[in-house]
Amino acid sequence: EAEGQLSLTPLGFHLASLPVDAPLGKMLLLGCVCQCLDPILTIVAAMTHKPPFFAPDQQKSVMKEVIGRAFGALQSDYLARQVAFNQWEEARAGGREAEREWAAD
Numbered sequence: 155e156a157e158g159q160l161s162l163t164p165l166g167f168h169l170a171s172l173p174v175d176a177p178l179g180k181m182l183l184l185g186c187v188c189q190c191l192d193p194i195l196t197i198v199a200a201m202t203h204k205p206p207f208f209a210p211d212q213q214k215s216v217m218k219e220v221i222g223r224a225f226g227a228l229q230s231d232y233l234a235r236q237v238a239f240n241q242w243e244e245a246r247a248g249g250r251e252a253e254r255e256w257a258a259d
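Take 155 as the starting number for the sequence shown in the numbering used here and just add one per residue.
#1: Alpha carbon to alpha carbon, what distance is there between H168 and V216?
#2: Leaving out five residues on either side along the sequence, give the residues of the same chain with a beta carbon under 8 angstroms from the beta carbon of E255.
#3: Assign V198 to one of two classes, buried (16 or more other C-beta atoms within 10 Å of its C-beta) or exposed (fewer than that).
#4: Is there a Cβ from chain B that is less than 8 angstroms from the Cβ of E244?
#5: Which one of D211, M181 and E251 has the shortest CA to CA distance from M201?
#6: Can you list, in chain order, the residues of its chain whose CB lies under 7 angstroms from that of L183, leaving out five sequence neighbours each side?
#7: Please classify G248 as buried or exposed, where buried requires at least 16 neighbouring CB atoms within 10 angstroms.
#8: In three-state DSSP terms, what is T196?
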């Protein structure tokens, strides 16, 4: 290493190869190490995109109430998104009609 040059740590080397910010990259790497990558992938994806729950302005209070009833015990928006994703996957496995019913609920 030449004088004045900076070098990456082993962790930094791996983080630099990922297309996400360093804190999210650390989450992904820890998900691999802890063998819980699937939920971490969903949570990281949720952290990099807009919330999946949408309602017109006049219905936002109703939407918040429904989300609170469905996921309030989780105390975390990201865990709520993880649970919602898992529920959607289950509904999707039941076919298009089951998926539509889940989305309507």
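Glycine included, each C-beta is placed from N, C-alpha and C at the ideal position.
All values derive from a computational prediction rather than experimental measurement.
Taking the coordinates as given:
#1: 43 angstroms
#2: A245
#3: buried
#4: The chain inventory of the structure shown lacks chain B, comprising one protein chain alone.
#5: M181
#6: H168
#7: exposed
#8: helix
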